[in-house]
Amino acid sequence: MSNRVWPEMSRKNFERTKVYLRTLADGLGLRDWSFELARAPLDPHSGNVATIVPTFGQREAVVTLCHDYPTKSPDYRRYVLVHELLHCHLDRIMTPFRENRVLWRLIGAAAADVIDDQVRENIEHAVDAIAREMAPHLPLPSR
Ligand SMILES: [Zn+2]
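Per this note's numbering: the sequence shown = residues 72 to 214.
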């Protein structure tokens, strides 16, 4: 059995990252959520450093990291995870636009798409601004 989850991520670091994710989640008021760390990195062409996908109607989410996440600075890794975790607090704002087919029929798919895009973009800005302020108040990864 390989001691690496993917080339840049050792098993040890993967396990440490899972524990660290839990620590940050607890510090961000997400004690009642559970998180899974994906065992494969993001597609390098995605342009993302990390993603989080909450399960609809559940307090659980999957976090996926880019392949070179382990090579980033501790400050940056903390900021990235704080940013992703904060999305959980705002996930329910997005739900009506993504899942409410009645709303889509009432206002039309084109209008719903525009609203969805606007809400998504503004949530992204809010999450990032809060993450940049919050991250320094939370512990750094151990390595
Ligand atoms: Zn984001």
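By construction, the Cβ of each residue, glycine as well, lies at the ideal position given by its N, Cα and C atoms. Please read all numbers here as calculations on a predicted model, not as lab measurements.
Open item on the list: Closer than 6 Å between the C-beta and any heavy atom of ligand 1: which residues qualify, listed along the chain?
Closed with: If you measure from each CB to the nearest heavy atom of ligand 1, the residues under 6 Å come out as H154, H158, E195, V198.
Task: Beta bridge counterpart(s) of A121 as assigned by DSSP - done: Along the sequence shown, read from residue 1 onward, the residue named residue 121 stands at position 50. A121 is bridged by DSSP to L136.
Open item on the list: Can you look up E170 in the DSSP assignment and give me helix, strand or coil?
Closed with: Indexing the sequence shown from 1 puts residue 170 at position 99. In the structure shown, E170 sits in a helix (DSSP, three-state: H, G or I).
- [ ] Classify E131 as helix, strand or coil using the three-state DSSP reduction.
- [x] Position 60 of the sequence shown, counting from 1, holds the residue named residue 131. If DSSP states are grouped into helix, strand and coil, E131 belongs with the strands.
Task: First and last residue of the uninterrupted beta strand (DSSP E) at R214 - done: As a working mapping, residue 214 is identified with position 143 in the sequence shown. First-last for R214: undefined, no H or E at that position.
- [ ] Please classify A183: is it buried, with 16 or more other beta-carbons within 10 angstroms of its beta-carbon, or exposed?
- [x] Indexing the sequence shown from 1 puts residue 183 at position 112. Looking at its Cβ environment, which holds 16 or more other Cβ atoms inside 10 Å, A183 is buried.
Open item on the list: Please tell me whether A132 and V124 are closer than 8 Å, where the distance is taken between their beta carbons.
Closed with: Here residue 132 corresponds to residue number 61 of the sequence shown, with the count starting at 1. Here residue 124 corresponds to residue number 53 of the sequence shown, with the count starting at 1. Taking 8 Å as the cut-off, the Cβ atoms of A132 and V124 count as close.
Open item on the list: For chain D, check one thing: does any of its Cβ atoms lie closer than 8 Å to the Cβ of F106?
Closed with: Considering every chain present, this structure includes no chain D. It has just one protein chain.
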